[in-house]
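Novice:
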Amino acid sequence: MDLKGKRAIVTGAGSGIGKAIALKLAERGAAVLVNDVDPEAASATAREIEERGGKALSVGGDVSKGEDVREMVRLCIEELGGVEILVNNAGIARSALLINLTEEQWDEVMNVNLKGVFLCTKAVIPHMMKRRYGKIINISSIYGRIGAIGDSNYCAAKAGVIGFTKSVAKELARYNINVNVVLPGLIDTPLLRGIPEKYLGPMIKEIPLKRVGVPEDIAGVVAFLASDEAGYLTGAAIEVTGGWNM
Ligand code: NAD
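Pasting the structure below:
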């Protein structure tokens, strides 16, 4: 699963799953553009990659803003020389029961979790299509398939990411661009720590592997999808949940 010579963009890579993905891709030899809306978090991840002997470039930017996204892709091509891998990881939750959910909370989650995936994908594909090579990996959630009380905006956006992935996989297959989506279960990150214990405790009991996941559990699967060993996988929705899917 060698990624030497490849250039990767990982969004939301200042924390949690995105950070673990950035570190893993760099460990496999890819040069990584580390994006985050929090520029300090992005540069901390990039520093960590460099301290481990890898190559990284940090770029602060909001994936829901077209201008930020286009500038990020421009910098990747200019500074790292191209882009073969895109990991659409940035995501947020704004939890509330539907009866209390505001239009702002709906829009915020849709803009980051769904529009962000559209904008980043659209921005990298001209480059990938020209070179007839690309690996796009979207991070959805098992919630996008099963739904969750208090997260209708998040679940709708994550279900949207699955539909987007499957459509774009069909459109881009002729250009040798693989597009897949990972559906994490419960993964120990700051996002998960936002779920109240009264909901989280019972859910953990339902996981067949009897533990929450760690960000590295997702990073390993993403590194595989980014590699040529996964060359015949496209449009796949891969659940990484410790067996939890109800
Ligand atoms: P996290 O909160 O630890 O990290 C998310 C990162 O994204 C943060 O560094 C944040 O600053 C950044 N970010 C937020 N908005 C952004 C924007 N507009 N532009 C760029 N960066 C932005 O969360 P995490 O748990 O690591 O989540 C990563 C992804 O995995 C998300 O898409 C999330 O929905 C998904 N996911 C997480 C879990 C879980 O249990 N942790 C489960 C399923 C799916």
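Residue numbers (this note's numbering): 680 to 925. Every residue, glycine too, gets a C-beta built ideally from N, C-alpha and C. Here the structure is a predicted model, which means the values were calculated and not measured.
Please report the straight-line C-alpha distance between ILE886 and ALA905, rounded to a whole angstrom.
Specialist: When rounded, the distance between both Cα atoms is 27 Å.
Novice: Which of helix, strand or coil does DSSP assign to ARG686?
Specialist: Strand, per DSSP.
Novice: Can you tell me which residues form a DSSP beta bridge with SER743?
Specialist: SER743 is not bridged to any residue.
Novice: In chain order, what residues of the same chain have a beta carbon less than 6 Å from the beta carbon of ILE856, not counting five sequence neighbours either side?
Specialist: MET807, GLY813.
Novice: From the DSSP secondary-structure annotation, give me the bridge partner or partners of VAL863.
Specialist: At residue 863 the sequence reads Pro, which differs from the Val that was named. Note: PRO863 sits in a beta bridge opposite VAL919.
Novice: Could you name the residues that DSSP lists as bridge partners for ALA735?
Specialist: Answer is VAL711.
Novice: Answer yes or no: the CB of GLY770 versus the heavy atoms of ligand 1, is any distance below 6 Å?
Specialist: Checking every heavy atom of ligand 1 against the Cβ of GLY770, one is found closer than 6 Å.
Novice: In the DSSP assignment, find the unbroken alpha helix (DSSP H) run with LYS814 in it and report its ends.
Specialist: Note, LYS814: premise wrong, no alpha helix (DSSP H); beta strand (DSSP E) at 813-818.
Novice: When you measure from the CB of ILE696 to every non-hydrogen atom of ligand 1, does any distance come out below 6 Å?
Specialist: Yes, Cβ of ILE696 sits closer than 6 Å to a heavy atom of ligand 1.
Novice: Along the alpha helix (DSSP H) that carries ASN855, what are the first and last residues, could you check?
Specialist: That residue, ASN855, is in no alpha helix (DSSP H); it is neither H nor E in DSSP.
Novice: For ligand 1, I want to know if ALA720 counts as a neighbour, meaning its beta carbon is within less than 6 Å of at least one of the ligand's heavy atoms.
Specialist: It does: the Cβ of ALA720 is within 6 Å (strictly closer) of some heavy atom of ligand 1.
Novice: Candidates ALA723, ALA802, GLY829: which alpha carbon is nearest CYS755's?
Specialist: Out of ALA723, ALA802, GLY829, ALA802 has the C-alpha closest to the C-alpha of CYS755.
Novice: Under 8 Å Cβ to Cβ from ASN924, same chain only, skipping five residues before and after it: list those, please.
Specialist: Closer than 8 Å at Cβ, skipping near neighbours: ILE821, ARG824, ILE825, GLY864, GLU918.
Novice: Have a look at VAL713, GLY761, VAL788 and flag the residue whose alpha-carbon is nearest the alpha-carbon of THR724.
Specialist: Of VAL713, GLY761, VAL788, the residue nearest in Cα terms is VAL713.
Novice: Does the beta carbon of VAL847 fall short of 6 Å from some heavy atom of ligand 1?
Specialist: No, since every heavy atom of ligand 1 falls outside the 6 Å radius drawn around the Cβ of VAL847.
Novice: Return the residue from the list LEU851, GLU763, ARG753 that minimises the CA-CA distance to ALA710.
Specialist: Nearest option by C-alpha distance: GLU763.
Novice: Let me check one thing: in DSSP terms, what residues is LEU870 bridge-paired to?
Specialist: LEU870 is not bridged to any residue.
Novice: Give the straight-line distance between the Cα atoms of THR690 and ARG810, rounded to the nearest whole angstrom.
Specialist: Those two C-alpha atoms are separated by around 22 Å.
Novice: Going straight from the alpha carbon of ILE897 to that of LEU704, what length do you get?
Specialist: If I take the Cα positions, the gap works out to 12 Å.
Novice: Measuring straight from C-alpha to C-alpha, what distance separates GLU757 and VAL716?
Specialist: Whole-angstrom Cα-Cα distance: 21 Å.
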